[in-house]
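Down below is the structure, laid out as structure tokens.
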DNA sequence: GCGACAG
DNA sequence: ATCTTGTCGC
């Protein structure tokens, strides 16, 4: 599949910020109602020797969570890691990997934030707008926002708040295990995003989508 | 000026 | 992200 919308990745830091503000206007924070048959997982890893990026996209059956298709792409890093401009560093190879995927997913789970971003346009939001597919931001750590510790039970969550605005949820996917940061990407509501992440993480802290994508990139790099 | 800072 | 050993717990 191909991205419906495209733009240059070879831009300055200032232009990247302006582009985020412009594209953020296209994000839809509501469920689109499309039945989900396939869910995609995305992850990127770095080669310790040449510094290259390896992106992986996995397509899972939404019910069985079994792998049905996958693709990986190795690329050179063209943009530095700057908190807030993460997507400009990792999305290029991710988009290329999606071009080698035949099965179109109705939902994509990203390793990073969506709405929980300084300009409300994290990597998940960015990928969602480019592909025009529902996306969820699922990060292992916080970028911005305040929160209180959610209860220890699986499924408990606490609001992630920035300047009085609820930008995501701190969700406990496994009892007594460190919670993850869930936020809306594109074409989905926060409640639906939480439900999906819980469904995708029946046994481990992270959803199967990111676990399988993570496993794949590590295999490509040699150690997995 | 001093921290915080997705991966 | 990546570099790294042992250790605690199921």
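In UniProt numbering, the protein residues as written are 1 to 224. Just so you know, even glycine gets a beta-carbon here, dropped at the ideal spot from N, CA and C.
query	result
Per-residue DSSP class, three states only, for residue 68	strand
Own chain partners of residue 148 with C-beta closer than 7 Å, once the 5 adjacent residues on each side are dropped	158
DSSP beta-bridge partners of residue 136	109, 184
Limits of the unbroken beta strand (DSSP E) element including residue 53	53 to 61
Inter-stretch contact (C-beta, 8 Å, three-pair minimum) for the region 84 to 100 and the region 118 to 131	yes
Alpha-carbon to alpha-carbon, residue 75 and residue 219	16 Å
Sufficient close CB pairs (3 or more, under 8 Å) joining the region 168 to 183 to the region 30 to 42	no
Burial state of residue 5, where buried means 16 or more other Cβ atoms lie within 10 Å	exposed
Completely contained beta strand (DSSP E) runs for the region 168 to 216, where each covers 3 or more residues	180 to 186
Status (buried if at least 16 other CB within 10 Å, exposed otherwise) for residue 56	buried
DSSP-derived helix/strand/coil call for residue 4	coil
Contacts around residue 208, its chain only, beta-carbon distance under 6 Å, and the 5 residues preceding and following it disregarded	65, 200
CB of residue 197 within 8 Å of CB of residue 171, strictly	yes
Element boundaries [beta strand (DSSP E), containing residue 85]	Unbroken run through residue 85: none, as it is neither H nor E.
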